[in-house]
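Q: Mind having a look at this structure? Questions to follow.
Numbering (full-length UniProt numbering), first residue to last: 1 to 119.
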């Protein structure tokens, strides 16, 4: 259980989607004690919103487990978070893994979702 002493300041952003790089303190994505075991080696993982928050953590751990990671983000609004996520994923991917892919797409629209899957 988390310590009662651990207090975080309230976080608020006026625009959606929120930007992880603006959060202080930064959310914890990495658990250094995690031990991967190639559970997803050779699989492709498509993560919507993989640029930040829970989506970024999912991309990170799926990559550690050997998956080829593809994620979506909102172009023009989440570019910096997407670049940060790509860097984080590249740090942990295995030497024989394919590069992670960031696809700009607004997944609120069905046609965009179909295009992402087709890519």
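Glycine included, C-beta positions come from ideal geometry on N, C-alpha and C. Computed from a predicted model, the values in this text were never measured in an experiment.
Do residue 56 and residue 85 have their CB atoms nearer than 7 Å?
A: Translated into the one-based positions of the chain shown, residue 56 becomes position 56. Translated into the one-based positions of the chain shown, residue 85 becomes position 85. Yes; because the gap between Cβ atoms is below 7 Å, this pair is in contact.
Q: Among residues of its own chain, excluding the 5 on either side of residue 9, which ones have a beta-carbon nearer than 8 Å to its beta-carbon?
A: Locating residue 9 in the chain shown gives position 9, counting from the first residue. Same-chain partners within the cutoff: 24.
Q: Counting pairs of beta carbons, one from the segment 32-45 and one from the segment 9-19, are three or more of them closer than 8 Å?
A: no
Q: Verify whether the separation of the beta carbon atoms of residue 47 and residue 58 is less than 7 Å.
A: Position 47 of the chain shown, counting from 1, holds the residue named residue 47. Position 58 of the chain shown, counting from 1, holds the residue named residue 58. Yes, the Cβ-Cβ distance between residue 47 and residue 58 is below 7 Å.
Q: For residue 21, which of helix, strand or coil comes out of DSSP?
A: To locate residue 21, count along the chain shown from 1; it is residue 21. Reduced to three states, the DSSP call for residue 21 is helix.
Q: Indicate the three-state DSSP secondary structure (helix, strand or coil) for residue 60 in the structure shown.
A: Working through the chain shown from its first residue, we reach residue 60 at position 60. Residue 60: helix per DSSP, three-state reduction.
Q: Is the distance from the Cβ of residue 89 to the Cβ of residue 63 below 7 Å?
A: Counting from 1 along the chain shown, the entry for residue 89 is found at position 89. Counting from 1 along the chain shown, the entry for residue 63 is found at position 63. For residue 89 and residue 63, yes; Cβs fall inside 7 Å.
Q: Please state the DSSP three-state secondary structure of residue 85.
A: The residue you call residue 85 lines up with position 85 of the chain shown. Residue state, collapsed to three classes: helix.
Q: DSSP three-state call for residue 30: helix, strand or coil?
A: For the purposes of this step, residue 30 is identified with residue 30 of the chain shown, where counting begins at 1. Assignment of residue 30 by DSSP, reduced to helix, strand and coil, places it in the coil class.
Q: Going straight from the alpha carbon of residue 87 to that of residue 93, what length do you get?
A: As a first step, residue 87 must be located in the chain shown, where it is residue number 87. As a first step, residue 93 must be located in the chain shown, where it is residue number 93. Whole-angstrom Cα-Cα distance: 10 Å.
Q: For the alpha helix (DSSP H) containing residue 117, list its first residue and its last residue.
A: Within the chain shown, residue 117 is the residue found at index 117, counting from 1. It spans 110-118 - the alpha helix (DSSP H) in which residue 117 sits, taken as one unbroken run.
Q: Is the beta carbon of residue 100 sitting closer than 7 Å to the one on residue 65?
A: One-based indexing of the chain shown puts residue 100 at position 100. One-based indexing of the chain shown puts residue 65 at position 65. Not closer than 7 Å, so no.
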